[in-house]
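Protein sequences appear in the order of chains A and B.
Start counting the first sequence at 1076; every next residue gets the next number (the working numbering).
Start counting the second sequence at 110; every next residue gets the next number (the working numbering).
Structure first, commentary second.
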Amino acid sequence: MKIESIDGRVETESSRVSARIRWEDSAREPLDLYFEARGEAARDVRPDGNSLLLACAIPAMRHGERRIAIEGTVCPYLRDGILAAASLLEAWYGPRTVPQIEPSAGFGPPRPAPVRRAAAFLSGGMDSLDVFVRNGSSFPAGHPARFAEAIHVSGLPYTGPPGSPSRESFVARARRAATALARVLDVPLSFVRTNLGEIDRDFLFFRHEYFGSAYAAVAHLFSRRFTSVSFASAQHLGVRLDPLGSHPLLDPLYSSGALEFRHEGADRGRLAKGKALAPRPDLVAHLQVCLTTPFGDARPNCGRCEKCLHTQIELRLAGVSGPFPEGALSVPSLRAMRADPHTAFFWTPLPDRLRQSGDGDLADAIEEKIREMDRIRDWSRDRGWKGLLRRLDRRYLGSALLDLRRALRPARERPA
Amino acid sequence: MRIDRYRQTRIGVRFEVGATITWEDSDRPPLELVYAAEGEAAASVLPSGDVFLLAAALPAIRHGERRLALEGTVCPRLRDGVAAAAAVIASWYGEARELPAIEPAGGFRPGIPGEPRSACFLSGGVDSVEVLVRNREQFPPDHPGSIREALHVSGFPFRHDPRSEAFRNLRERAERAASRMAAALAAPLTRIESNLFEIESSFEFSGREYYSAAYASMAHLFSSRWTSIVLASFEQMGVSLAPLGSHPLLDPLYSSAALAFDHDTRGGRRVSRVEAIARAGLASTLLVCHEAPFPEGVENCGRCEKCLRTMGELAAVGALGTGGAFPLDAFTPGTIETLPVTGETEIFWIPIAEGLRRAGRNALADAALRYVGRARAAHRWAADRGWKGNLRRLDRRLLGGRLLRARRALSGAKAEP
């Protein structure tokens, strides 16, 4: 892979960084990558080899690129971090080609901004809002760890080509929410619009391997201005720690000699976050958690998708309601929800709490859904005696039992 | 638990910080906790709620204390981090643990970091030395990321009885190695010792849960001087990441707003770390062996797994003959083959075997691979892997262990004359 034609343009209130990404070993089309920044921090955005390396390294690894040749310098601390991240991803998902990193001007650490200044990403969702609220209560104004500014990114993950209804609906809703939240939080907000999601449009890749480094790429654009940028965690230490593209083991590895990339908020779960946000209905009113897109009207959340449903319950248990359609949270909505075992950890703490608050019907519906998730998980992980039998069959009988069962089943199911 | 009577004294070049720990819910005697520092940064040590919280939180959880009342303030970032660390440890070991209520008399307030200044722990072993060697390669001296000073912890962890000759011998050897490394790498050294282990004397507890919290406690004594400190990882990212008292998930949680506690996993495989040390000309000063006591002039026994592993790594990168840290005559196929299997150490020996093969040392490479085979078989057995493991599990689950008993009865009968 070559990262070349790196260019930067700074105007009064906006800036643009661009580069051409050419694949060398993978038969993929080149990408004219861009980041466009607007707002308070935009004037400090500059082309940054570390940012572009973070944008490309994990996709390059996925597609078997043997090297990443990049114009300019790269921080050696970041290089070693990316190599450690690659080792971790290999341990999670199997062997990858780890590309050689070849900066044209060699390796050299960038110097941090002269004044310590912290910022954080503000998506409009619950996790990033919780990070901001807690930061505000932990650090007084003027403290170097207090978030002085916020960054909102449009274009991650890939949700469709520019101008498409799916993309525009998603971008507009999130941007509206982040704008409103930043205003209430009284924190200057900068916007970054990028086509980085196009480097690999596979959402599962984005989710499982890539999104921490993609956001770190955006953070490093601001390394002249910020010395640390925090990214809100969707994980919960001690409860649920899935191999994901943003992870407390991965994200710190995307720091350089100039900028610390912090994975923050993994120490508490959604119920605790809901409780922490409950005293701030002025903030909760602007939450946007829904990933459904396109979306017909101006409402921020559909209210019926998996994420909307558990967020409504978390807020309800905390004694506050969010911007969700009236009546969206119901037993039929829960029953209609697709059971995804990956999201079970959001649901398992809810039934007991709902029963305590007198919502037994919702608790029953959730328990039914959790059982469905468990069945799917057990099947996929070969658990229980059936799982043991399947494993023995595969290993020692070459799946003869499975073939036999498949051969017998159609006969049994044939109508008389 | 109460922690109070913070104190600070100076005896010549030795700077001491202490506090009194009183157990409230556990029937344990009070402890006068003391840290004593000597060297470059020793005059900077200060008692603080952060220091004593880190020293006491995990032992307090272990012994069921309901609160941790401290003098002074505690950083809110550290408070949240300690709570998260307790949750991580509970999830690893599956034991219910209740974090005591943290009650600092002065409330929760973040410290203000000073001018950026980095330090590192320096034991004299492979992992910590490699961190400093790599840092010297990565950062020029005037960069804020450049490690300016090193901290050597004397006598911790306490593998040997603190009153024994073995303890004294190992401590002196480690101090010697760290001093030489620090001088060679231009990192002025501070030595610190403490009776932290008296809070909880279990070596197993230290290794499984407490190790890095104790180190972090010592680091936070210097938070008016350093803004970050690096603890080398003995884990290898992507190769081994077992639950341990020092872990990349845990250690950063012991940071405050004033001092970042960094667990460095960027060093790559252990064989690469050894290669970097050899390249820097420091292989002859390494201290990797925790056996003791030794006669004057012997730094590493050359026969334990850690010594043989390090010698194997040096041989694999063509640097075994570069110094006198190890008795070279001990590095033979025979000693490798008779090495007892302890822990999951085979992960280190696979790259060693590959390197030895590349270096044309085939007898040693074969011995290394045989060790790997023995270690894998032992772990397979312990984990009930393979078809025999499946059979054992089925026997336990469905037949109540009858097959095992039958086999034992038969083999016992056969063994009878």
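The beta carbon of each residue, even a glycine, is placed where N, CA and C say it ideally should be.
When you compare only the Cα positions, how much space is there between residue i and residue j?
{"i": "B:Leu305", "j": "B:Ala214", "result": "23 Å"}
{"i": "B:Leu391", "j": "A:Trp1098", "result": "41 Å"}
{"i": "A:Ala1102", "j": "A:Arg1276", "result": "15 Å"}
{"i": "B:Gly464", "j": "B:Ala385", "result": "15 Å"}
{"i": "A:Pro1490", "j": "A:Arg1484", "result": "Because A:Pro1490 sits at a pLDDT of 39, beneath the cut-off of 50, its placement in the model cannot be relied upon, and the following sentence gives the value as read from the coordinates. A:Pro1490 and A:Arg1484: Cα-Cα distance of roughly 12 Å."}
{"i": "A:Ser1305", "j": "A:Ala1294", "result": "9 Å"}
{"i": "A:Leu1476", "j": "A:Pro1318", "result": "33 Å"}
{"i": "B:Arg502", "j": "A:Ala1159", "result": "36 Å"}
{"i": "A:Glu1443", "j": "A:Thr1386", "result": "18 Å"}
{"i": "A:Ser1288", "j": "B:Ile170", "result": "36 Å"}
{"i": "A:Ala1341", "j": "A:Asp1205", "result": "11 Å"}
{"i": "B:Ala524", "j": "B:Leu513", "result": "Unreliable positioning characterises B:Ala524 in this predicted model, as indicated by a pLDDT of 41, which lies under 50. The coordinate reading is nonetheless provided below. Each residue's alpha carbon lies about 16 Å from the other."}
{"i": "B:Ala192", "j": "B:Leu208", "result": "7 Å"}
{"i": "A:Ala1291", "j": "A:Ala1225", "result": "14 Å"}
{"i": "A:Glu1488", "j": "A:Trp1454", "result": "Legend: pLDDT at A:Glu1488 = 46, less than 50; position of this residue unreliable, no value from coordinates given."}
{"i": "B:Pro526", "j": "B:Ala487", "result": "Legend: pLDDT at B:Pro526 = 30, less than 50; position of this residue unreliable, value from coordinates given subsequently. Cα to Cα, B:Pro526 sits roughly 29 Å from B:Ala487."}
{"i": "A:Gly1378", "j": "A:Leu1384", "result": "6 Å"}
{"i": "A:Glu1079", "j": "B:Glu246", "result": "27 Å"}
{"i": "B:Ile528", "j": "A:Val1359", "result": "The shown model of chain B, from 110 to 526, leaves out residue 528 of chain B, and the question about it has no answer."}
{"i": "A:Ala1132", "j": "A:Gly1083", "result": "21 Å"}
{"i": "A:Leu1163", "j": "B:Pro139", "result": "44 Å"}
{"i": "B:Pro222", "j": "B:Ser232", "result": "26 Å"}
{"i": "B:Leu448", "j": "B:Pro402", "result": "20 Å"}
{"i": "B:Gly127", "j": "B:Thr118", "result": "9 Å"}
{"i": "A:Ala1393", "j": "A:Leu1409", "result": "19 Å"}
{"i": "B:Tyr144", "j": "B:Ser303", "result": "4 Å"}
{"i": "A:Glu1115", "j": "A:Pro1219", "result": "18 Å"}
{"i": "B:Leu508", "j": "B:Leu500", "result": "10 Å"}
{"i": "B:Gly354", "j": "B:His372", "result": "12 Å"}
Show which residues of chain A have a CB atom less than 7 Å away from the CB atom of residue i.
{"i": "B:Val383", "result": "Residues of chain A passing the Cβ test: none, with the nearest at roughly 16 Å."}
{"i": "B:Gln247", "result": "Pro1151, Tyr1152, Pro1184"}
{"i": "B:His252", "result": "Pro1184, Arg1186, Gly1332"}
{"i": "B:Pro361", "result": "Pro1327"}
So residue i contacts chain B; which residues on that side make the cut at Cβ distance below 8 Å?
{"i": "A:Leu1158", "result": "Arg375, Gly377"}
{"i": "A:Glu1165", "result": "Gly347"}
Determine whether the beta carbon atoms of residue i and residue j lie at a separation below 8 Å.
{"i": "A:Pro1354", "j": "B:Leu358", "result": "no"}
{"i": "A:Asp1202", "j": "A:Lys1382", "result": "no"}
{"i": "B:Arg280", "j": "B:Gly264", "result": "yes"}
{"i": "B:Ser332", "j": "A:Gly1313", "result": "no"}
{"i": "B:Asp236", "j": "B:Arg382", "result": "yes"}
{"i": "B:Ala565", "j": "B:Ile301", "result": "This structure gives no information on residue 565 of chain B, because the portion of chain B shown stretches from 110 to 526."}
{"i": "A:Ser1179", "j": "A:Leu1296", "result": "no"}
{"i": "B:Tyr324", "j": "B:Leu340", "result": "yes"}
{"i": "B:Thr129", "j": "B:Glu141", "result": "yes"}
{"i": "A:Leu1231", "j": "A:Thr1269", "result": "yes"}
{"i": "A:Arg1456", "j": "A:Gly1462", "result": "yes"}
{"i": "B:Gly430", "j": "B:Ser393", "result": "no"}
{"i": "B:Ile456", "j": "B:Ala425", "result": "no"}
{"i": "B:Gly181", "j": "B:Ser157", "result": "yes"}
{"i": "B:Ser326", "j": "B:Cys184", "result": "no"}
{"i": "A:Ala1438", "j": "A:Arg1450", "result": "no"}
Between residue i and residue j, how many whole angstroms is the CB-CB distance? I'm expecting something under 8 Å.
{"i": "A:Leu1197", "j": "A:Ala1253", "result": "5 Å"}
{"i": "A:Arg1299", "j": "A:Asp1119", "result": "5 Å"}
{"i": "A:Ser1265", "j": "A:Ala1117", "result": "6 Å"}
{"i": "B:Arg282", "j": "B:Leu437", "result": "That belief does not hold up - the Cβ atoms of B:Arg282 and B:Leu437 are roughly 19 Å apart, past 8 Å."}
{"i": "B:Val380", "j": "B:Glu422", "result": "5 Å"}
{"i": "A:Arg1452", "j": "A:Pro1416", "result": "4 Å"}
{"i": "B:Tyr363", "j": "B:Leu163", "result": "6 Å"}
{"i": "A:Asp1107", "j": "A:Arg1095", "result": "6 Å"}
{"i": "A:Leu1362", "j": "A:Gly1402", "result": "That belief does not hold up - the Cβ atoms of A:Leu1362 and A:Gly1402 are roughly 18 Å apart, past 8 Å."}
For a contact defined as C-beta to C-beta under 9 Å, what are the partners of residue i on chain A?
{"i": "B:Asp189", "result": "Arg1209, Ser1213, Asp1342, Arg1343"}
Mind pulling the chain B residues with CB within less than 9 Å of residue i?
{"i": "A:His1218", "result": "Pro219, Ile221, Ala366"}
For a contact defined as C-beta to C-beta under 7 Å, what are the partners of residue i on chain B?
{"i": "A:Ala1419", "result": "By Cβ distance, chain B contributes nothing, its closest Cβ being about 16 Å from A:Ala1419, past 7 Å."}
At which residue ranges does the stretch 350-401 of chain B contain complete beta strand (DSSP E) runs of 3 or more residues, listed in the order of the chain? 369-373
Unbroken stretches of the beta strand (DSSP E), 3 residues or longer, contained in the stretch 1221-1273 of chain A: 1222-1229, 1264-1269
What residue ranges within the stretch 155-215 of chain B form continuous alpha helix (DSSP H) runs of no fewer than 4 residues, ordered along the chain? 158-171, 185-202
Ignoring anything shorter than 4 residues, give me the alpha helix (DSSP H) runs that lie fully in the stretch 1291-1370 of chain A, in order along the chain. Within the stretch 1291-1370 of chain A, the alpha helix (DSSP H) runs of at least 4 residues that lie entirely inside it are, in chain order, 1345-1352, 1356-1359.
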